[in-house]
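S.K.: Taken in order, these protein sequences are the chains called A and B. Letter by letter, the first sequence follows residues 1 to 303 in full-length UniProt numbering. Letter by letter, the second sequence follows residues 1 to 491 in full-length UniProt numbering.
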Amino acid sequence: MSDKHEKDIDEISGVETTGHEWDGIKELNNPLPKWWLYTFYACILFAIGYTIVYPSWPFPSSDGWTYVKGTADYAQRTEVADEIGAVKAEQAKYVDEIRSADFAAITASDELHDFALQGGKAAFGDNCAGCHGSGAQGFKGFPNLNDDDWLWGGTIDAIYTTIQHGIRSETDPETRLSDMPRFLADGILDRDGVLDVTEYVLSLSGKSEDAARVARGAVVYEEQCAACHMEGGAGSHDLGAPKLADAIWLYGGDRAAIYETVAYARRGVMPAWAGRLDDATIKQLALYVYSLGGGEAAPMEGR
Amino acid sequence: MEKLNPINSPLGTPDAAAVNRGDQRDQLYADRKKVYPRRVYGQFRMIKWVVMALTLSVYYLLPWIRFDRGLGVPDQAFLIDFPTRKAYFFGLEIWAQEVYYATGLLILASLALFLTTSAIGRAWCGYACPQTVWTDLFVHIERWIQGDRNQRIKLDKSPWSAKKLFLKVSTHLAWLVVAALTGGAFVFYFGDAPTLAKQFLTGTAPLTSYLFAGGLTFSTYLLGGIAREQVCIYMCPWPRIQGALVDENTLLVSYDKKRGEPRGSLKAAAAGDVLGDCIDCKQCVAVCPTGIDIRDGFQLECIQCALCVDACNGVMDKIERPRNLIRYAPEEHVTKKGTSLIFRARTFIYMGLIVLVGGIMLASLIVRADLDVNIIKDRNPLFVRLSSGDVRNGYVIRLMNKQHADRPLAIRASGLKGLTLRSTDHAEGKELQVSLPPDDSAAFKVFAVLPADAITEGVLTSGKGEITFEIVDMDGHVISRQNAPFNGPRS
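(1) Can you give me the C-alpha to C-alpha distance between residue 545(B) and alanine 53(B), rounded to a whole angstrom?
(2) Would DSSP call aspartate 81(B) helix, strand or coil?
(3) Using C-beta distances below 7 Å, list every residue in its chain close to glutamate 97(A), excluding the 5 sequence neighbours before and after it, in chain order.
(4) Mind checking if aspartate 254(A) is an interface residue toward chain B, Cβ cutoff 8 Å exclusive?
(5) Is alanine 101(A) close to chain B? Criterion is C-beta to C-beta, closer than 8 Å.
(6) Do valine 253(B) and isoleucine 226(B) count as a contact pair if the criterion is CB distance below 8 Å?
(7) So what does DSSP say about histidine 20(A), is it helix, strand or coil?
(8) Kindly list the residues whose CB is nearer than 6 Å to the CB of isoleucine 354(B), restricted to its own chain and excluding five residues on each side of it in sequence; keep chain order.
(9) Smallest Cα separation from glycine 214(B): which of Ile375(B), Arg32(B), Asp372(B) and Ala179(B)?
(10) Please report the straight-line C-alpha distance between leucine 362(B) and glutamine 137(A), rounded to a whole angstrom.
(11) Using a Cβ-Cβ distance cut-off of 8 Å, determine whether asparagine 20(B) contacts chain A.
(12) Report buried or exposed for isoleucine 397(B), applying the criterion of at least 16 other Cβ atoms within 10 angstroms of its Cβ.
(13) CA-CA distance, arginine 255(A) and aspartate 246(A)?
(14) Which residues in chain A have a C-beta closer than 8 Å to the C-beta of residue 494(B)? List them in chain order.
(15) For cysteine 305(B), count the other beta carbons within 10 Å of its own beta carbon; 16 or more makes it buried, fewer makes it exposed. Which is it?
(16) Can you grab the Cα-Cα spacing for the pair serine 205(A) / lysine 88(A), in whole Å?
(17) Could you give the DSSP three-state label for proline 489(B): helix, strand or coil?
(18) How about glutamine 230(B): is its C-beta nearer than 8 Å to some C-beta of chain A?
(19) Does the separation of the CB atoms of threonine 171(B) and isoleucine 145(B) fall below 8 Å?
(20) Quick check: what's the CA-CA separation for isoleucine 479(B) versus proline 242(A)?
(21) Just to confirm the assignment: which complete beta strand (DSSP E) runs, minimum length 3, are found wholly within the segment 121-189 of chain A?
(22) Between the C-alpha atoms of alanine 218(A) and glycine 233(A), what's the straight-line distance to the nearest angstrom?
(23) Could you give the C-beta distance for asparagine 146(A) and leucine 292(A), rounded to a whole number, given that I count them as a contact under 8 Å?
(24) At a cut of 8 Å, does the segment 44-58 of chain B reach the segment 157-176 of chain B through at least three beta carbon pairs?
(25) Just checking my contact of aspartate 81(B) with proline 74(B) at CB under 8 Å: how many whole Å lie between their CB atoms?
(26) What are the complete beta strand (DSSP E) segments, minimum 3 residues, inside the segment 221-277 of chain B?
(27) What does the alpha-carbon distance come out to for the pair proline 485(B) and glutamate 431(B)?
(28) Output, in sequence order along the chain, the residues in the UniProt domain "Cytochrome c" (212-293) of chain A whose CB is closer than 7 Å to any CB in chain B.
(29) Are the C-beta of aspartate 96(A) and some C-beta of chain B separated by less than 8 Å?
(30) Distance cutoff 8 Å, beta carbons only. Does arginine 32(B) sit that close to anything in chain A?
(31) Between asparagine 393(B) and alanine 454(B), which are expected to be in contact by the criterion C-beta below 8 Å, what is the C-beta distance as a whole number of angstroms?
(32) Using the C-alpha atoms, what's the distance from alanine 427(B) back to threonine 420(B)?
(33) Give the DSSP-derived three-state secondary structure of serine 208(A) in the structure shown.
(34) Show which residues of chain A have a CB atom less than 7 Å away from the CB atom of arginine 385(B).
(35) Smallest Cα separation from valine 391(B): which of Ile319(B), Thr461(B) and Arg407(B)?
(36) How many Å lie between aspartate 236(B) and leucine 37(A) at the Cα?
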């Protein structure tokens with residue numbers, strides 16, 4: 001209110017009015033309490049100071065939009081980097097231990113084992129889930145890692161080797177390499193021979209319908225297949241030859257699928273992870289995959 | 001205003017005026033008028049002293065009481081331990097999963113408040129509320145340093161001098177010391193009190209404890225020393241709620257208008273005027289901590305501390321008239337000498353509810369298990385077909401051991417024919433042995449395997465089944481039994 005005007009006092013409340021009037025209603029002048037007002041001013045000052053100290057105002061530059069960096073040289077990006085660094089540093093103790101310890105030592109320590117399983121799970125999600133599924137349940141052609149059927153062995157060591165060197169990796173000379181002939185395509189068997197041996201393989205899990213074919217197939221099997229798949233379809237971890245007498249079929253266990261496999265062979269691949277992931281991570285992955293429940297116990301020492 | 005009469009002179013408050021006199025209540029917004037409560041003696045003042053001593057000693061001393069729980073467990077009788085997410089109260093131990101006990105306690109507290117309020121009005125406000133207790137304490141400190149009502153009014157009106165400065169500063173310092181002790185006492189509920197006290201003084205306590213102690217020191221000083229009755233009148237929601245709990249049968253501090261009116265001095269009475277017992281000495285106004293005049297009737301600002309009853313009774317004794325011109329009486333009966341009606345339908349309902357809720361809590365505490373079992377079935381994959389054709393389901397069984405000792409247990413499963421259990425380290429059979437650390441939880445990965453022929457034999461043809469896990473102690477007693485789904489292929 002300027003001093004020029006006469007002070008207008010509201011009769012009922014005794015409070016000065018602002019001089020504004022609408023339809024006979026006058027506005028009372030009840031200013032904010034002083035402490036409130038000064039707090040407000042303090043907030044404004046604080047805000048100005050804040051924009052000087054911390055990153056704030058955006059402005060266009062020749063490289064596009066940028067912002068005032070502030071005097072405190074603060075950025076959330078560096079804070080995140082610091083936090084990640086701190087976590088990594090904390091994890092380093094475990095990671096180093098995992099790197100240097102053997103699997104027996106790791107599983108013997110609950111703390112280390114838990115850490116390895118958690119790390120393995122995370123690494124699995126990042127690197128393996130794309131083919132093997134997020135629950136390692138696999139798909140047709142991509143093995144289910146929960147079950148107890150292992151092409152190359154299901155001990156921790158065997159799993160570790162498989163992850164390190166991959167399957168049919170073109171870059172790793174030590175890669176897992178099974179080489180089943182394409183019996184029909186390569187002209188080793190004729191169509192009938194393939195059908196016979198298919199029938200024999202079906203008979204191993206009790207699904208054959210043609211005893212004559214089975215008998216003929218058995219002879220072919222003995223000549224062509226038993227070297228890798230062993231007597232009675234027992235399979236071989238050394239050669240990566242699947243068991244043929246069990247309930248698990250990576251590419252399907254019906255007549256058509258088996259015929260296809262014998263005739264044209266299957267060539268599953270997996271990258272060698274040794275160059276891509278560090279050894280501690282691969283160890284954690286092996287422990288995690290082993291923990292899914294299908295792992296085989298390592299053979300006893302000296303057996 | 002009459003000049004000093006024989007009665008007013010020793011009692012000395014002819015100019016006491018309620019801050020919101022009944023005949024001057026047209027202003028919605030008014031500046032605060034400072035209240036200078038006068039000292040008073042009497043029965044209710046005594047009760048207030050006792051309640052103050054009781055509540056303050058409980059508050060300050062509770063964290064220092066020790067309670068032996070054995071090795072590795074805190075021995076503080078009352079401790080809310082955030083790091084381990086447990087609350088200890090003597091023999092009772094509440095885990096974070098059981099905060100519903102706190103809910104029950106809150107329900108009980110509110111029911112107790114309803115009961116008290118409907119029977120004797122805002123007794124909580126008048127005697128036990130922390131705001132009342134600490135304000136009372138702060139007023140006494142002020143009185144001890146600056147003198148009683150008249151001296152304080154005089155001091156405030158006098159110009160600034162060295163003496164005034166000294167008195168004012170020392171009052172605020174004394175308040176701050178009490179406030180600091182209050183804030184300090186609070187943090188002891190959340191850590192081992194002796195350890196924390198040592199850390200606190202050597203500057204090695206956690207930052208949060210300093211922040212909380214500081215915050216509570218400030219708020220105690222602000223609310224108890226400076227805001228005082230403003231908290232009760234403007235900030236606190238209780239007066240509004242409690243007003244709804246009061247009815248015509250509630251015992252309320254009230255002025256007996258029939259007996260008291262018309263008011264007038266003894267001199268006027270001696271001169272022959274026909275007057276009531278109220279001599280208008282305004283003692284009731286002078287002692288009121290919220291600065292009201294109870295003779296204006298029951299009002300929101302009245303916290304029912306009954307100090308006006310003490311003051312009035314003191315005066316009645318001096319002028320040799322019957323006591324209880326102001327007294328606890330039901331609003332309806334104040335004029336007809338009504339009986340107290342503490343026991344009636346409304347209070348019985350509250351009492352019944354208190355017994356019910358208390359009973360439920362007590363029962364659940366008695367049957368409270370010292371082992372928590374939580375079974376989570378693997379969903380990815382839902383089941384695994386093994387090379388033999390068997391069907392395997394995975395479970396994570398989390399066991400929580402609330403005993404202070406190691407606990408060997410066995411996990412069994414039943415419900416489907418031929419079911420076996422195994423763990424990742426290849427133990428296979430009808431049961432798995434596990435051991436739980438004391439006061440801790442542990443998770444166990446357990447696989448249940450159903451033989452392949454179960455599907456063809458119709459044990460699990462629909463692809464869905466249910467199995468029962470049993471947690472068994474070493475004596476073979478089943479401690480917990482829980483069902484979990486079992487999935488398999490459809491036949």
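Glycine residues also receive a C-beta, built at the ideal position from the N, C-alpha and C atoms. Here the structure is a predicted model, which means the values were calculated and not measured.
M.R.: Checking against the coordinates, here is how it stands:
(1) Shown here, chain B extends from 1 to 491; a query on residue 545(B) therefore has no answer.
(2) In the structure shown, aspartate 81(B) adopts extended strand secondary structure according to DSSP, grouped into three states.
(3) Leu112
(4) No, aspartate 254(A) does not count as interfacial toward chain B.
(5) no
(6) Isoleucine 226(B) is not a Cβ neighbour of valine 253(B), given a cutoff of 8 Å.
(7) strand
(8) For isoleucine 354(B), where only same-chain residues beyond five positions count, the Cβ hits under 6 Å are Leu111.
(9) Out of Ile375(B), Arg32(B), Asp372(B) and Ala179(B), the CA that lies nearest to the CA of glycine 214(B) is found in Ala179(B).
(10) Cα-Cα distance, rounded: 48 Å.
(11) no
(12) It counts as buried.
(13) 15 Å
(14) Chain B is shown only over 1 to 491; residue 494(B) falls outside these bounds and no answer can be derived.
(15) buried
(16) In this structure, the CA atom of serine 205(A) is about 50 Å from the CA atom of lysine 88(A).
(17) coil
(18) no
(19) Yes, Cβ-Cβ distance for threonine 171(B) and isoleucine 145(B) is below 8 Å.
(20) Their backbone Cα atoms lie some 45 Å apart in a straight line.
(21) none
(22) Spanning the two alpha carbons is a distance of roughly 11 Å.
(23) 5 Å
(24) Counting Cβ pairs under 8 Å, fewer than three are found: no touch.
(25) The beta-carbon separation of aspartate 81(B) and proline 74(B), rounded to 6 Å, stays under the 8 Å limit for a contact.
(26) Qualifying beta strand (DSSP E) stretches, in chain order: 251-255.
(27) 18 Å
(28) Using a CB distance below 7 Å, the part of the UniProt domain "Cytochrome c" (212-293) of chain A facing chain B consists of Lys243, Asp246, Ala247, Ile248, Ser291 and Gly293, ordered along the chain.
(29) no
(30) Not one chain A Cβ lies under 8 Å of arginine 32(B).
(31) In fact, because the Cβ distance is near 12 Å, the residues do not count as touching under 8 Å.
(32) Rounded to whole angstroms, threonine 420(B) to alanine 427(B) spans 10 Å at the Cα level.
(33) Looking at serine 208(A) - three-state DSSP - the assignment turns out to be coil, as it is neither helix nor strand.
(34) Asp147, Ala247 and Ile248
(35) Thr461(B)
(36) A quick correction: the sequence has cysteine, not aspartate, at residue 236(B). One C-alpha to the other measures close to 24 Å.
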